[in-house]
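Here is the structure we will look at, set down as structure tokens.
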Amino acid sequence: MTAMRKRALVVGLGIAGMSAAIGLRRAGWTPVIVERAPERRTGGYFIGLFPSGRQAAADLGIVGHLHTRNPDRATGANSWSVDRRGRRRPALGFLDQPGEPAAVLRGDIEAALWESTTGVEVRFGTTPVEITEGPDEVQVLLEKAGARYGESFDLVVGADGMRSSVRRIVFGPDQDYLTKWNAMICAFPLKEQVPSYEASDSIIVARAKRAVWVFGLADHAPTALLTYRTTDIQEQFSGSRVQRLRSVFSGMDDPVVRHVLDSLEEAPDHLFDSVHQVRMPRWSQGRVVLVGDAAWCMNLYSGMGATSSLRGGAALGAALREHPGDLAAALDAWETGLRPFITKHQRTARLKQQMFVPSGRRAEALRSVLLGLVRRIRGRRPATAAGGPRARVRSGAPG
Ligand SMILES: Cc1cc2nc3c(=O)[nH]c(=O)nc-3n(C[C@H](O)[C@H](O)[C@H](O)COP(=O)(O)OP(=O)(O)OC[C@H]3O[C@@H](n4cnc5c(N)ncnc54)[C@H](O)[C@@H]3O)c2cc1C
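Note that UniProt numbering has the sequence shown beginning at 1, numbered continuously upward.
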């Protein structure tokens with residue numbers, strides 16, 4: 001019986017890869033995960049997990065392992081925006097969005113998935129270098145520490161992120177699929193909250209073309225996000241990153257910005273990258289399928305990347321279960337079911353980008369007026385309807 005189980009190679013041990021592996025195993029497949037890094041990563045940046053992500057987490061059976069970190073709501077605001085004169089005002093923060101997102105670190109989701117991947121073979125320090133499809137199987141040349149070996153699988157799942165190697169090998173070069181957003185991000189955990197703010201406060205300093213966000217958490221130091229708009233993406237990767245960011249944010253002489261930039265110098269790790277969306281007319285070809293950022297990266301402004309990675313992996317398993325003897329039908333059904341959700345959130349990301357980092361002075365002013373208005377309207381509604389104290393997601397209960 002075991003010998004008859006179909007084998008899938010899952011490339012990438014991120015949210016999409018582990019979700020797909022759990023889904024595949026539930027569909028009766030044997031997944032093998034390869035991960036380029038030498039070990040499983042932990043920590044990471046703030047992520048808001050929306051209801052469909054929490055539902056996918058429940059579908060994957062990981063909710064019991066998922067640690068959430070929503071700060072308790074004080075009667076005033078936990079989120080502040082700082083204006084050009086340095087005044088702080090109560091603001092609508094990321095967690096005030098409809099759907100009551102659960103506050104987690106990326107590592108919290110990955111740790112919960114990891115708990116449910118027990119028994120799945122994981123090969124660290126391993127990456128695919130060639131993928132060749134035959135009539136009944138797909139032959140993969142894998143590389144570990146310079147040594148190469150071939151192995152065949154019934155399916156290859158590329159869950160290796162926005163700059164996916166599987167996509168490059170099978171579907172073509174990055175430039176065919178990465179769309180231009182003319183923006184950069186730098187995300188990292190702060191060692192300490194910005195002085196004079198409460199430990200779990202969130203802070204937003206959003207100016208034309210550049211913004212600093214501090215995401216407060218209940219039981220962890222906040223994480224920071226620096227994001228800015230630029231037309232010369234290539235140039236951003238030259239020289240020292242800290243110097244580059246200091247120069248981009250120079251003139252924003254605010255204690256929040258100063259604290260975040262100083263903390264970056266001491267941060268053990270940070271993510272610095274350009275922002276893109278991945279747009280593909282189809283996510284599978286024969287026995288190779290892409291999932292998560294590799295297939296449809298929506299980018300951080302959408303706030304739906306982790307949610308869609310969980311959902312994509314869970315749905316892939318469900319489709320394979322529903323079409324046990326017909327891989328093509330399973331992949332068709334999976335893509336047909338998922339694509340409207342992905343398209344919708346890819347489209348709204350442009351608008352959300354204005355909320356994260358306004359495109360100019362007028363957008364900055366409009367953003368401020370709009371958010372102020374929404375905040376006042378919500379403030380007048382009863383707490384339960386406004387997502388106030390009684391409606392919040394509590395820490396430790398992913399909802
Ligand atoms: C700053 C920031 C904030 C975000 N905020 C949110 C949010 O609030 N809400 C939300 O839902 N989403 C958010 N996202 C998006 C979310 O984090 C991603 O969409 C999600 O983590 C993507 O998961 P993934 O598994 O597809 O890819 P990745 O996380 O990129 O994982 C890919 C894995 O594949 C491995 N890999 C890469 N290449 C190879 C190779 N050749 N061989 C083997 N392994 C390889 C990598 O090492 C990695 O482990 C945010 C993203 C960022 C950057």
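Here a beta-carbon is modelled for each residue, glycine too, at the ideal position from N, C-alpha and C.
Considering only DSSP beta bridges, list what residue i is partnered with.
{"i": "Tyr149", "result": "Leu142"}
{"i": "Met184", "result": "Tyr228, Ser274"}
{"i": "Ala211", "result": "Ala206, Thr227"}
{"i": "Pro90", "result": "Trp80"}
{"i": "Ser284", "result": "Val289"}
{"i": "Leu155", "result": "Ala8"}
{"i": "Ala103", "result": "Gly48"}
{"i": "Ile131", "result": "Val140"}
{"i": "Pro255", "result": "Answer is none; Pro255 lacks a bridge partner."}
{"i": "Pro189", "result": "Thr223"}
Taking only heavy atoms of ligand 1 into account, decide whether any of them is closer than 8 Å to the Cβ of residue i.
{"i": "Asn299", "result": "yes"}
{"i": "Tyr45", "result": "yes"}
{"i": "Thr68", "result": "no"}
{"i": "Ser164", "result": "yes"}
{"i": "Asp293", "result": "yes"}
{"i": "Met304", "result": "yes"}
{"i": "Pro71", "result": "no"}
{"i": "Asp96", "result": "no"}
{"i": "Phe341", "result": "no"}
{"i": "Gly107", "result": "no"}
{"i": "Pro128", "result": "yes"}
{"i": "Glu39", "result": "no"}
{"i": "Ile203", "result": "no"}
{"i": "Ala159", "result": "yes"}
{"i": "Ser309", "result": "yes"}
{"i": "Ile22", "result": "no"}
{"i": "Glu35", "result": "yes"}
{"i": "Leu49", "result": "yes"}
{"i": "Asp232", "result": "no"}
{"i": "Val170", "result": "no"}
{"i": "Pro101", "result": "yes"}
{"i": "Gly14", "result": "yes"}
{"i": "Ile185", "result": "yes"}
{"i": "Gly64", "result": "no"}
{"i": "Leu190", "result": "no"}
So what does DSSP say about residue i, is it helix, strand or coil?
{"i": "Gln97", "result": "coil"}
{"i": "Glu39", "result": "coil"}
{"i": "Ile33", "result": "strand"}
{"i": "Ile377", "result": "helix"}
{"i": "Met18", "result": "helix"}
{"i": "residue 400", "result": "This structure cannot speak to residue 400, because the chain is shown only from 1 to 399."}
{"i": "Leu217", "result": "coil"}
{"i": "Thr179", "result": "strand"}
{"i": "Glu266", "result": "helix"}
{"i": "Leu366", "result": "helix"}
{"i": "Ala199", "result": "coil"}
{"i": "Phe341", "result": "helix"}
{"i": "Val357", "result": "coil"}
{"i": "His65", "result": "helix"}
{"i": "Thr307", "result": "helix"}
{"i": "Gly312", "result": "helix"}
{"i": "Ala295", "result": "helix"}
{"i": "Gly53", "result": "helix"}
{"i": "Thr117", "result": "coil"}
{"i": "Arg241", "result": "helix"}
{"i": "Gly28", "result": "coil"}
{"i": "Leu13", "result": "coil"}
Please look up how many angstroms separate the CB atoms of residue i and residue j, rounded, as I've assumed it's under 8 Å.
{"i": "Ala183", "j": "Tyr228", "result": "7 Å"}
{"i": "Glu115", "j": "Ile15", "result": "That belief does not hold up - the Cβ atoms of Glu115 and Ile15 are roughly 14 Å apart, past 8 Å."}
{"i": "Asp254", "j": "Val205", "result": "6 Å"}
{"i": "Ala315", "j": "Leu331", "result": "So it is not a contact: roughly 11 Å between Cβ atoms."}
{"i": "Val242", "j": "Glu265", "result": "6 Å"}
{"i": "Thr223", "j": "Ala199", "result": "Wrong, their Cβ atoms sit about 13 Å apart, outside the cutoff."}
{"i": "Pro128", "j": "Val138", "result": "About 10 Å separates the two Cβ atoms, so there is no contact after all."}
Relative to ligand 2, is the shortest distance from any of its heavy atoms to the C-beta of residue i smaller than 8 Å?
{"i": "Asp273", "result": "This structure lacks ligand 2; its bound ligands are ligand 1."}
message: With three or more C-beta pairs closer than 8 Å as the rule, is the stretch 275–282 touching the stretch 120–127?
response: No, they do not touch.
task: Would you check if there are 3 or more beta carbon pairs closer than 8 Å linking the stretch 204–212 to the stretch 349–364?
output: yes
query: When the Cβ atoms of the stretch 53–72 are set against those of the stretch 96–104, are three or more pairs found closer than 8 Å?
result: The way I'd put it, the stretch 53–72 does touch the stretch 96–104; three or more beta-carbon pairs between them come closer than 8 Å.
query: Counting pairs of beta carbons, one from the stretch 284–298 and one from the stretch 263–273, are three or more of them closer than 8 Å?
result: By the criterion of at least three beta-carbon pairs nearer than 8 Å, the stretch 284–298 is not in contact with the stretch 263–273.
- prompt: Are three or more beta carbon pairs between the stretch 14–30 and the stretch 317–330 nearer than 8 Å?
  reply: Contact holds: three or more Cβ-Cβ distances are below 8 Å.
task: Indicate whether the contact test is met: 3 or more Cβ pairs, each with one atom in the stretch 169–182 and one in the stretch 306–314, closer than 8 Å.
output: no
query: Is there contact between the stretch 28–38 and the stretch 87–94, where contact requires at least three CB pairs shorter than 8 Å?
result: no
message: Tell me whether the stretch 4–14 and the stretch 152–160 touch, counting them as touching only if at least three CB pairs, one residue from each stretch, are closer than 8 Å.
response: yes
field: Given 8 Å, three or more beta-carbon pairs between the stretch 370–380 and the stretch 90–99
entry: yes
- prompt: Would the stretch 216–233 and the stretch 352–361 be scored as touching if the rule is three or more Cβ pairs under 8 Å?
  reply: yes
task: Inspect the CB distances between the stretch 129–147 and the stretch 165–173 and report whether three or more fall short of 8 Å.
output: yes
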